[in-house]
Each structure stands twice: as C-alpha cells, then as structure tokens.
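Protein chains in written order, with this note's numbering: chain F, 136 to 245; chain E, 136 to 245.
A virtual CB, placed ideally from N, CA and C, is assigned to each residue, including glycine.
Okay, so here's the structure we're looking at.
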DNA sequence: CCGATTTGTTCTATAATGTAGAGTAAATCC
DNA sequence: GGATTTACTCTACATTATAGAACAAATCGG
C-alpha cells in the first residue's frame, strides 16, 4: 500500500455493500446489491478477488455459514465490516468530499 | 477499460483538482490542491502519469502556457475538464452516493 | 554569458487493483 | 446417482498507482 489507505472505486463499493448487508451478506447477494444500486455489472471474479484483498487487509471479516436447505444451498461465506474497514471508508469519503466541496464540475470553456 | 467508465480514487481526486483550478491549474498547483484539501501526499510521478491517462481518455484537455517571468518560471501545461470528464465524475459520484445512502458504516458485531 | 538555483515535466521500474470467464465444489431434486 | 442449481476458486492479463531519479527551461548573480 501507499503511505495512506486509499480505496479504489470498486473496493469502495464492495466495502459499502458489505456494510449494507452485514452480517448476512455473501458473494451473490453482495454482487446483486452493487448491480441493483449502481447499475454497473459486477463479474464474479472481480468481486471475490476484491473480497479476499479486503479481508487480507483486515477491512472485512468473513465467517463460514451453514448450508441452507434448498437446491444448490451450499455453505456461504458471510462478510462483516471490520473496525479498520469502517475507518478507511470514512477517510476515503472525507477525502472525496473535501475535493467536491464547492465544485461545479462543468467542463471548462477555452 | 471495463464495460463502464469507472474511476480510481486517485483519478477522481485529480479530475476534481482540475475542475477546481481550471483553466489555470497545472502540475504543481494541482498537486498542492490535493495535498492541502485531503491531507494525503501526492508524488509527482503519480500525478503526471494520471494526468496523461485522463488526457488520453479525453476526460481533461491540456494546453501549453507561456513561460512566466520569474525564477524557474518555465512553461506550464494547463488543464481543463472536458465534457466527458465532467460526465464521468458525475457518474462515479452517483454510484458512490447510491451505495452510501442510508448506510451506517459501523463495524458489525459478531 | 555562464554556472547555480528554481520550477516544472518526463521517464523508468514496480506494486497494487480491476476484470473476465472457466473451473471446481457442495447442496437438492428426481 | 446424474442433472441441476448455487456458490466460490483459480488463472491470466490489463489498467491504475506509486516513488523518485532524470531531464528541461527559466532567472539570478557575478
């Protein structure tokens, strides 16, 4: 990592999805949540790779769930936001807001 | 790029710095603006590499300025936000806000 | 006018993040 | 137990992020 804990846009979205759906959120529901709210499509690979990274950095924690009694209901990995993740989210948001403040994001003339 | 025009956090900050300082902003002032507002340090390499990328994608436009009559006052590259950049900024912000909406970003218990 | 100094940009190398989709695993249904 | 469904892992590669040295162009002082 750099000097500071910065967050790519996708990491930011995934972290927020975890926060929204905790403590039950897992791969498929997280993916659906992001797609539904942002309208962008999320590939499975991108999602799980990012979840792994977030977990390694200690920003989310995962816990194996029980299988559910339904077709294809194999055990899921449930995610929750860790304290460090919560902090990093707040910092990233603060940085963006500090830069957005008072900006009128229209293209320049000339 | 992916399916959609997504924005890394740093790209997002740089684009906003350009929007803030246009039409006069250039390397050094953009760098100072980001450091002052966000408190994070910005290396020169990171900044110029990102500006190049944003320019190649048509999100900012650059124009060579005149040298200014002061010690070390060599010609600068002035940046402005392009229409596409403005659009991408708005979209990225909208995605983040859609995910932030109603979120209480506290760590989960358990 | 030339070497030192100052400001600004480019180049080089490497690490971290983002992406897509095939592959594997574990459950239920018949 | 084979087909089907849901979930997660793996592989390979593209893009973005980072640091700092190198290079360029201006003024200043003598």
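Sequence-distant residues of the same chain with beta carbon closer than 6 Å to residue 219(E), five excluded per side: 193 and 194
Buried versus exposed, by CB contacts within 10 Å (16 or more), residue 241(F): exposed
Residue-chain proximity (residue 142(E), chain F), Cβ-Cβ < 7 Å: Taking Cβ atoms only, chain F reaches closer than 7 Å to residue 142(E), which makes this a yes.
Buried versus exposed call for residue 159(F) [16 or more other C-beta atoms within 10 Å across all chains shown]: Classification of residue 159(F): exposed, given that the 10 Å Cβ count is below 16.
C-beta contact flag for residue 214(F) and residue 197(F) at 7 Å: yes
Short CB-CB distance (under 7 Å) between residue 200(F) and chain E: no
Residues near residue 162(F) in its chain [Cβ-Cβ closer than 8 Å; skip 5 each side]: Residues of the same chain with a CB within less than 8 Å of the CB of residue 162(F), apart from the 5 flanking positions on each side, are 179, 182, 183, 186, 211 and 212 in chain order.
Every unbroken alpha helix (DSSP H) within the region 154 to 215 of chain F, with a cutoff of 4 residues, ordered by chain: 162 to 173 and 179 to 191
Short CB-CB distance (under 7 Å) between residue 243(F) and chain E: yes
Coarse secondary structure for residue 238(E), derived from DSSP in three states: coil
Proximity below 7 Å, CB of residue 238(E) to CB of residue 154(F): yes
Beta-carbon neighbours of residue 166(E), restricted to chain F and to distances below 7 Å: Those within 7 Å of residue 166(E) in chain F number zero; the least Cβ separation is about 13 Å.
Contact under 7 Å by Cβ, residue 144(E) with residue 142(F): yes
Coil, strand or helix - residue 137(E) by DSSP: The pLDDT assigned to residue 137(E) is 36, lower than 50, so where the model puts this residue is not dependable, and the model offers no usable value.
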